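Asks:
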Amino acid sequence: MQLSFALLLLGSSALAASLPRRACDATCKRAGADAYIKALTTHSKADADAVPLTDDVKRFETFNGIGPFQTSFSATDMRLGLQFGASALAYRAYEQAYTAFDNGTLLVNYKIDTGLLNGAIPIPGAKTRVYEYFQYADTLISRIDVYTQTPA
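Residues in the sequence shown are numbered consecutively from 139, following the working numbering.
Written as structure tokens, this is what we have:
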């Protein structure tokens, strides 16, 4: 009986290992990037928790040619940053354009408006052009490289 269970367990493990990993196509990648951008502008915990991230996701940011600086070290860190970090000044994203590369990277090029009190007090001249390169592991975002230019 123990031998049969061991063989069943071994066979199940081999089958699971041989199954193809779920690929993240362009639609999946765009949905992940859109979830991130939504969380970036709403700052809600629910939206931050909805972003599909690997546990060890990294984010590197370059501001007006200065950097890159690592601004996220894990999923927990990134989710907290989306809610309470410097991006908390962002309140609107628009003019999104998407480019999918053959290596699996998705570029999202867009503008953000920044302000205090969720845009009630806009910051003059602070429109920012954002270029974000999203890399994926299966269906989860594993790395984001951000390049920003202010004013846009």
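Don't be surprised by glycine CBs; every beta carbon is placed ideally from N, CA and C. Model, not experiment: these values are computed from the prediction.
Considering only their Cβ atoms, is the gap separating GLN234 from HIS181 smaller than 8 Å?
Replies: No; because the gap between Cβ atoms is not below 8 Å, this pair is not in contact.
Asks: Between which two residues does the alpha helix (DSSP H) containing PHE222 stretch?
Replies: 213–222 is the span of the alpha helix (DSSP H), which, as asked, contains PHE222.
Asks: Is ALA231 helix, strand or coil by DSSP?
Replies: In the structure shown, ALA231 sits in a strand (DSSP, three-state: E or B).
Asks: Taking only three categories from DSSP, how would you classify LEU278?
Replies: Here LEU278 sits in strand by DSSP.
Asks: Which same chain residues end up closer than 6 Å to THR200 when comparing Cβ atoms and leaving out the 5 residues on each side of it in sequence?
Replies: PRO206 and TYR285.
Asks: Would you kindly work out how many angstroms separate the C-alpha atoms of ILE282 and VAL189, rounded to a whole number?
Replies: Computed Cα separation, rounded: 12 Å.
Asks: Cβ of VAL195 within 8 Å of Cβ of ALA213?
Replies: Contact: yes.
Asks: Grab the span of the alpha helix (DSSP H) containing THR179 for me, first residue to last.
Replies: Here the alpha helix (DSSP H) through THR179 covers 164–180.
Asks: Let me know if LEU254 comes out buried or exposed under the rule of 16 or more other beta-carbons within 10 Å of its beta-carbon.
Replies: With fewer than 16 other Cβ atoms within 10 Å, it is exposed.
Asks: Rounded to whole angstroms, how far is the Cβ of TYR248 from the Cβ of THR179, which I believe are closer than 8 Å?
Replies: TYR248 to THR179, Cβ: 10 Å. No contact.
Asks: Look at the alpha carbon of PHE239 and the alpha carbon of ALA177, and state the distance between them as a whole number of angstroms.
Replies: When rounded, the distance between both Cα atoms is 24 Å.
Asks: Which residue wins for smallest C-alpha separation from ASP163, given the options LEU244, ILE204, ALA290 and ALA264?
Replies: Of the candidates LEU244, ILE204, ALA290 and ALA264, the one whose C-alpha sits nearest the C-alpha of ASP163 is LEU244.
Asks: Taking just the CA atoms, how far does ARG267 sit from MET216?
Replies: Their backbone Cα atoms lie some 20 Å apart in a straight line.
Asks: Given a cut-off of 8 Å on the beta-carbon distance, is the pair ILE261 and THR252 in contact?
Replies: Yes. Within cutoff.
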